[in-house]
Amino acid sequence: MTPAELPAQQDLPCAWYGPQMSASRQDWTLALSQADCREIRAALDAWLARQAVQRSPAPLTAADFVLPTLGPRLAQLRHELLHGRGFFLLTGMPVGHWSQRDVALAFIGLGAHLGNARSQNAAGHLLGHVRDLGLASTDPNVRLYQTHERQTFHTDSCDVVGLLCINEAQQGGDSLLVSSTTIYNEMRRRRPDLAALLFEPLATDRRGEVPIGMKPWFDIPVFNWHDGSLSALYQRQYIDSAQRFENAPRLAAAKVEALDLFDALANDPALNFTMRLAPGDMQFVHNHNLLHDRSGFTDWPDAARRRHLLRLWLAVPGARALPPVFAQRYGSVTVGDRGGIVVPGTTPCVPLDEGTR
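For the sequence shown, my numbering assigns the number 2 to the initial residue and increments by one for each residue that follows.
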């Protein structure tokens, strides 16, 4: 793609600036009421009762997890994710009053009203546990969420990522969001020559989770224009670490310059903003128009208090079409049935009490 062929500036609700979002928290926050929590509890109890009768596990779907009044509001929020600002925050999940198992199942039930859960790692975890496992980010097979270090701005391999805070860190561990659409608009305005380079494929490290018949990296552009929509896919550390593979395409100096400008814009407080997730907060983010980040953190000495978030990766019915190249990472580009990580030996499972990866 040449600079002259770049898509037009994207004047969309998802093309926001951070200070604007910081000043309008009430527009993207929904506090669960006591009635909402009772409705969630009733849906959970009814589902658990059916499991006891059936004596075998069954998928937890929106039809299984009936939310007569909250469900329609979640449908409106799903529309906001896909077509609006691209994120929202739910507060008030009673994490201090329910068992971790019940909180996890309730989170899965809420997520089912937004999309279909996808595997988040080679072990097939449909529910992720985001904790510091004491692993080193220098290990090329370690993913950054398994450490206490900053993650930097990135996208996940799904339409929507959801996080539920169980415990927050002693210091740090804040959540940051930035609009990749705004980054594109700024790059297009300032350096269209560099913006055009990010529509070309870049090797990104799979960090040891390699599907059958695939290379240990995938080649997908940062910016993708398809069917009238601009989508981004990005993780700078994994782009850099893909250079460890002898046969991976080399990063030319101009592309490094383009990536550096992308990073500078993502890290500019004029574009991004920070929120701190408190226990019971649930954040949902649309990956194709937004990037998310987590600051480094210092954890509590007491293991029972250490930072712990639950995570969902969701394939959302009614989401946008994605270009065929995304199949390298998503496995499929079929709307509602795409994304996640599937490698030899992957078996979908739901680890409710703890996560090992």
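Built from N, CA and C at the ideal position, the CB exists for glycine as well.
Keep in mind that this is a model prediction, so the values were computed, not measured.
Distance check between E247 and each of S23, A107, D206 and P4 places D206 closest, using alpha-carbon atoms only. Per DSSP, D133 has no beta-bridge partner at all. Comparing alpha carbon positions, the residue from C350, I240 and H309 closest to G173 is H309. Residue pairing by DSSP places L311 opposite H130 and L165 in a beta bridge. Beyond the five residues adjoining it in sequence on each side, V344 comes within less than 8 Å, by CB distance, of A123, E210, V211, P212 and I213 in the same chain, given in chain order.
C-alpha of F224 to C-alpha of L111: approximately 31 Å in a straight line.
Cβ-Cβ separation between W226 and P8: approximately 5 Å, consistent with a contact (criterion under 8 Å).
For the options R102, A197, A249 and D282, the alpha carbon positioned closest to that of E258 is the one of A197.
Within the same chain, Cβ atoms closer than 6 Å to the Cβ of R277 are found at D175, the five residues on either side in sequence being excluded. If the five residues before and after K256 are omitted, its C-beta is found closer than 6 Å to the C-beta atoms of L198, all from its own chain and listed in chain order. Excluding sequence positions up to five before and after R312, its CB lies within less than 6 Å of the CB of G129, V131 and L164, all in the same chain and listed in chain order. Cβ contact annotation for A36 (same chain, cutoff 6 Å, sequence separation greater than five): none. As the crow flies, the alpha-carbon of V104 is around 33 Å from that of R237. Between T92 and D282 the beta-carbon gap is near 5 Å, inside 8 Å, which marks them as a contact.
Leaving aside the five residues that flank P270 on each side, the residues in its chain whose CB is nearer than 7 Å to its CB run, in chain order, G19. When secondary structure is reduced to three states using DSSP, I221 falls in the strand class.
Between C166 and A279, the C-beta gap is smaller than 8 Å, which places the two residues in contact. Proximity to A16 across G346, P352, T299 and M188 peaks at M188, based on C-alpha coordinates. G116 sits close to P318, with the two beta carbons spaced by under 8 Å.
Listed in chain order, the beta strand (DSSP E) elements of length 3 or more contained wholly in the segment 214 to 260 are 218 to 221, 224 to 227 and 230 to 233.
The beta carbon of E81 lies closer than 7 Å to those of F89 in the same chain, with the five residues before and after it left out. D157 sits buried, since 16 or more C-beta atoms from the chains shown fall within 10 Å of its C-beta.
Note that the C-beta distance between A316 and D160 is below 8 Å.
The beta carbon of T182 lies closer than 7 Å to those of Q11, L13, C15, A16, L231 and N290 in the same chain, with the five residues before and after it left out.
Within the segment 265 to 331, the complete beta strand (DSSP E) runs of at least 3 residues fall at 274 to 276, 283 to 287, 291 to 295 and 309 to 316.
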